[in-house]
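S.K.: In the numbering used here, the protein residues as written are 230 to 861. I'd like to ask some things about the structure below.
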């Protein structure tokens with residue numbers, strides 16, 4: 230097919246927003262849509278090549294996969310090898326285990342499934358995963374396992390049937406994506422069945438352009454301009470709350486389609502995308518995409534208290550430098566058939582992939598340095614001693630079970646984290662308590678929290694259980710939650726408020742007041758505030774502080790006091806207004822003398838970036854023992 234400079238320019242428009250999004254620049258909050266642009270471009274280019282070769286009678290599956298290996302694997306495997314020593318230097322045991330597991334999945338192109346099972350794409354924990362971005366390569370290669378075979382069977386025989394089938398598959402895939410975000414309690418962001426339709430849009434573009442259908446010159450200027458506007462709109466308007474993939478994804482993908490279809494070199498858009506800067510970035514876009522995430526991730530692992538805007542600018546620049554070197558000395562040589570035969574390429578890919586996989590297995594099971602045993606013990610102990618470790622979500626009674634429950638613990642994992650400490654306290658004082666907990670759930674009268682931008686019916690059930698078990702029996706209620714979630718009404722209406730803003734606080738306090746006003750309920754309610762957080766915790770930096778012994782971990786802890794004081798003052802003010810509302814402030818126990826603690830006599834206070842260890846939870850419970858004993 231004829232080379233189109235503007236397509237390389239379009240690649241630049243795809244990769245730069247992705248890099249800036251991963252760099253954390255707020256104005257590029259929708260930069261992740263660059264991957265969707267890549268999918269459409271890929272579907273268009275690969276289909277055009279396959280169809281042309283089938284028509285000429287020169288297409289072969291081995292030739293196709295030879296080109297894919299040359300295009301994808303050399304730079305990818307080189308990157309993975311470079312990542313290994315940095316992971317050994319900068320990662321703590323849990324991170325190293327997860328990284329080694331991801332290393333195994335990448336050569337098999339199933340890393341999208343691995344990361345799907347780990348975290349939501351938009352959580353902060355993904356910022357330190359060096360190979361997170363390989364999910365999109367996995368989606369593409371899973372698709373290209375089957376698509377060439379499909380084309381071989383249908384294209385040469387019935388082109389019209391092929392087009393209809395592709396259209397049907399695209400509609401079904403988009404329907405799955407839309408159904409998934411509305412129905413499932415987990416994100417389908419990484420999953421191939423919900424992404425295939427984007428590649429198939431590129432396929433349909435290729436089929437359309439083979440007919441050489443063009444609109445008049447006025448439309449040739451207007452349509453690619455609209456397409457470019459749709460892409461740019463998505464970059465600056467979408468964010469982590471946008472359901473994705475979904476019908477919203479049609480905006481950047483159809484925009485890309487318009488640019489490919491009508492943005493030829495005679496149009497303003499085509500001329501813009503064909504300039505040297507855009508084309509130059511586009512040519513190295515694959516390597517830019519490969520290198521930026523590991524560079525950002527390892528930098529975040531090293532600088533535990535957060536990267537500044539200047540840091541990120543320098544790291545973005547470094548990504549392009551590394552990308553150029555990789556493109557020139559790794560990508561380009563391996564793509565030339567005269568330098569490496571097909572057999573050499575296949576064998577090299579097999580050998581290097583095997584070495585990477587064996588190395589990752591060794592890292593997973595064998596690499597623990599004796600001189601760090603004490604640090605490893607701290608970290609492993611914290612990871613295995615989350616305050617709720619060994620306890621189940623649901624409805625349970627703990628403590629001195631021969632006595633009737635004195636109070637109810639209600640909430641999510643931030644309630645569960647106190648169960649071990651509360652059980653020890655309850656047994657010591659010959660009392661018991663009832664726990665009603667569910668992961669990531671808060672349900673109060675007239676209000677609930679959102680999960681993946683939607684209400685979970687299973688959360689709403691929690692309020693009914695609370696009414697049955699606590700309110701009907703007039704038991705005091707201790708509510709613990711991570712008070713930062715987006716709120717909604719039970720019928721699913723997103724209120725666009727969080728407990729961090731005044732509207733969200735009003736809604737929460739109104740719902741708590743409604744609990745107090747329930748018929749025949751005359752007991753007290755205790756609100757447990759958030760635990761202290763900081764960039765050190767957000768990045769898991771306290772583990773690195775312990776592991777690498779970079780100074781005093783407690784001194785490096787700088788809590789986000791603006792957020793904390795806003796919540797604390799609001800909770801205290803509301804509890805002071807009502808004699809039946811009490812407030813437990815974890816800061817009081819965890820930040821004595823305004824110095825928050827991470828290590829206390831070699832005991833870790835946290836189990837992860839947001840939850841307390843059993844020891845940390847015990848500090849909060851002990852500090853509030855008189856209040857807890859007064860509940861009955």
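Ideal Cβ positions, reconstructed from N, Cα and C, are used throughout, including at glycine. All values reported here derive from a predicted model rather than from experimental measurement.
#1: State the start and end residues of the unbroken alpha helix (DSSP H) segment that holds residue 271.
#2: To which residues does DSSP link residue 680 through a beta bridge?
#3: Could you tell me whether the stretch 250-267 touches the stretch 393-412, using the rule of 3 or more Cβ pairs below 8 Å?
#4: Check whether the stretch 258-266 touches the stretch 453-467, counting contact only when three or more Cβ pairs, one atom from each stretch, lie closer than 8 Å.
#5: Could you check where the alpha helix (DSSP H) with residue 507 kicks off and where it finishes?
#6: Along the alpha helix (DSSP H) that carries residue 497, what are the first and last residues, could you check?
#7: Give the straight-line distance between the Cα atoms of residue 676 and residue 521, rounded to the nearest whole angstrom.
#8: Could you check whether residue 750 and residue 689 sit closer than 9 Å to each other, using their CB atoms as the reference points?
#9: Measuring alpha carbon to alpha carbon, tell me which of 745, 838, 355 and 481 ends up nearest residue 467.
#10: At the level of alpha carbons, what is the spacing between residue 348 and residue 652?
#11: When you compare each of 377, 337 and 821 to residue 291 by their alpha carbons, which one comes out closest?
#12: By DSSP's criteria, residue 666 is part of a beta bridge. Which residues make up the other side?
#13: Three-state secondary structure (DSSP) at residue 755?
#14: With DSSP collapsed to three states, give me the class of residue 536.
#15: Can you name the residues that DSSP bridges to residue 635?
#16: Run through DSSP, which three-state label would residue 396 get?
#17: Should residue 552 go down as buried or exposed, given a rule of 16 or more other Cβ atoms within 10 Å for buried?
#18: Near residue 599, which residues of its chain fall below 7 Å by C-beta distance, leaving aside the five closest residues on each side in sequence?
#19: Could you say which of 710, 569 and 504 lies nearest to residue 234 if we only look at CA atoms?
#20: Excluding the 5 residues preceding and the 5 following residue 814 in the sequence, name in chain order all residues of the same chain whose CB lies nearer than 7 Å to its CB.
#21: For the stretch 484-503 and the stretch 526-544, state whether three or more C-beta atom pairs, one from each stretch, are separated by less than 8 Å.
#22: Are residue 433 and residue 455 close, meaning C-beta to C-beta below 9 Å?
#23: Per DSSP, which residues does residue 829 bridge with? Please list them.
#24: Classify residue 778: buried if its beta carbon has 16 or more other beta carbons within 10 angstroms, exposed otherwise.
#25: In angstroms with no decimal places, state the Cα-to-Cα distance between residue 649 and residue 845.
#26: If contacts are defined as beta-carbon pairs under 8 Å, then residue 398 and residue 368 qualify, I think. What distance do you get, rounded to the angstrom?
#27: Name the residue from 670, 237 and 320 whose alpha carbon lies nearest to the alpha carbon of residue 528.
#28: Just curious, the beta strand (DSSP E) that residue 250 is in, first and last residue?
#29: When we look at the beta-carbon of residue 230 and count the other beta-carbons within 10 Å, is it buried (16 or more) or exposed?
#30: Let me know if residue 668 comes out buried or exposed under the rule of 16 or more other beta-carbons within 10 Å of its beta-carbon.
M.R.: Let's see:
#1: As a first step, residue 271 is located in the chain shown; it is residue number 42 there, counting from the start. It spans 263-285 - the alpha helix (DSSP H) in which residue 271 sits, taken as one unbroken run.
#2: Within the chain shown, residue 680 is the residue found at index 451, counting from 1. In the DSSP output, where bridge partners are listed per residue, residue 680 has 683.
#3: Result no; under three Cβ-Cβ pairs closer than 8 Å.
#4: Taking 8 Å as the limit for Cβ pairs, the verdict is that the stretch 453-467 does touch the stretch 258-266.
#5: Here the question's residue 507 lines up with position 278 in the chain shown. It spans 505-512 - the alpha helix (DSSP H) in which residue 507 sits, taken as one unbroken run.
#6: For this step, residue 497 is matched to residue 268 along the chain shown. 497-502 is the extent of the alpha helix (DSSP H) around residue 497.
#7: One-based indexing of the chain shown puts residue 676 at position 447. One-based indexing of the chain shown puts residue 521 at position 292. Going by C-alpha positions, residue 676 is about 40 Å away from residue 521.
#8: Stepping through the chain shown from its first residue, residue 689 is reached at position 460. Stepping through the chain shown from its first residue, residue 750 is reached at position 521. With contacts defined as CB atoms closer than 9 Å, residue 689 and residue 750 fail to qualify as a contacting pair.
#9: Taking the chain shown and counting its residues from 1, one reaches residue 467 at position 238. With distances taken between Cα atoms, residue 467 lies closest to 481.
#10: Along the chain shown, read from residue 1 onward, the residue named residue 348 stands at position 119. Along the chain shown, read from residue 1 onward, the residue named residue 652 stands at position 423. Distance between the alpha carbons of residue 348 and residue 652: 30 Å.
#11: In the chain shown, counting from the first residue as 1, residue 291 sits at position 62. Closest option to residue 291, Cα to Cα, is 377.
#12: As a working note, residue 666 is residue 437 in the chain shown. In DSSP, residue 666 forms a bridge with 623 and 640.
#13: Position 526 of the chain shown, counted from the first residue, corresponds to residue 755. Looking at residue 755 - three-state DSSP - the assignment turns out to be strand.
#14: The residue labelled residue 536 in the question sits at position 307 within the chain shown. Annotated three-state conformation of residue 536 is coil, per DSSP.
#15: Residue numbering aside, residue 635 sits at position 406 when the chain shown is read from its first letter. Residue 635 is not bridged to any residue.
#16: For the purposes of this step, residue 396 is taken as the residue at position 167 of the chain shown. When secondary structure is reduced to three states using DSSP, residue 396 falls in the helix class.
#17: Along the chain shown, read from residue 1 onward, the residue named residue 552 stands at position 323. Residue 552 should be labelled buried.
#18: Your numbering for residue 599 matches position 370 in the chain shown. In this prediction, residue 599 has a pLDDT of 47, which is less than 50 and means its spatial position is unreliable; nothing more can be read from the coordinates.
#19: The residue labelled residue 234 in the question sits at position 5 within the chain shown. Cα-wise, what sits closest to residue 234 is 504.
#20: For the purposes of this step, residue 814 is taken as residue 585 along the chain shown, with counting starting at 1. Once the five neighbours on either side are set aside, the close Cβ partners of residue 814 are 758 and 797.
#21: The stretch 484-503 is not in contact with the stretch 526-544.
#22: As a working note, residue 433 is residue 204 in the chain shown. As a working note, residue 455 is residue 226 in the chain shown. For residue 433 and residue 455, no; Cβs fall outside 9 Å.
#23: Counting from 1 along the chain shown, the entry for residue 829 is found at position 600. DSSP lists 832 as partners of residue 829.
#24: Translated into the one-based positions of the chain shown, residue 778 becomes position 549. Bear in mind that a pLDDT of 48 at residue 778, under 50, signals an unreliable position, so the model cannot answer this.
#25: As a working note, residue 649 is residue 420 in the chain shown. As a working note, residue 845 is residue 616 in the chain shown. Cα to Cα, residue 649 sits roughly 11 Å from residue 845.
#26: Working through the chain shown from its first residue, we reach residue 398 at position 169. Working through the chain shown from its first residue, we reach residue 368 at position 139. Rounded, the Cβ-Cβ distance is 15 Å, inconsistent with contact.
#27: The count along the chain shown starts at 1 and reaches residue 528 at position 299. The candidate whose alpha carbon is nearest that of residue 528 is 320.
#28: As a working mapping, residue 250 is identified with position 21 in the chain shown. Residue 250: not part of any beta strand (DSSP E); member of the alpha helix (DSSP H) spanning 234-251, first to last residue.
#29: Translated into the one-based positions of the chain shown, residue 230 becomes position 1. Burial call: exposed.
#30: For the purposes of this step, residue 668 is taken as residue 439 along the chain shown, with counting starting at 1. Looking at its Cβ environment, which holds fewer than 16 other Cβ atoms inside 10 Å, residue 668 is exposed.
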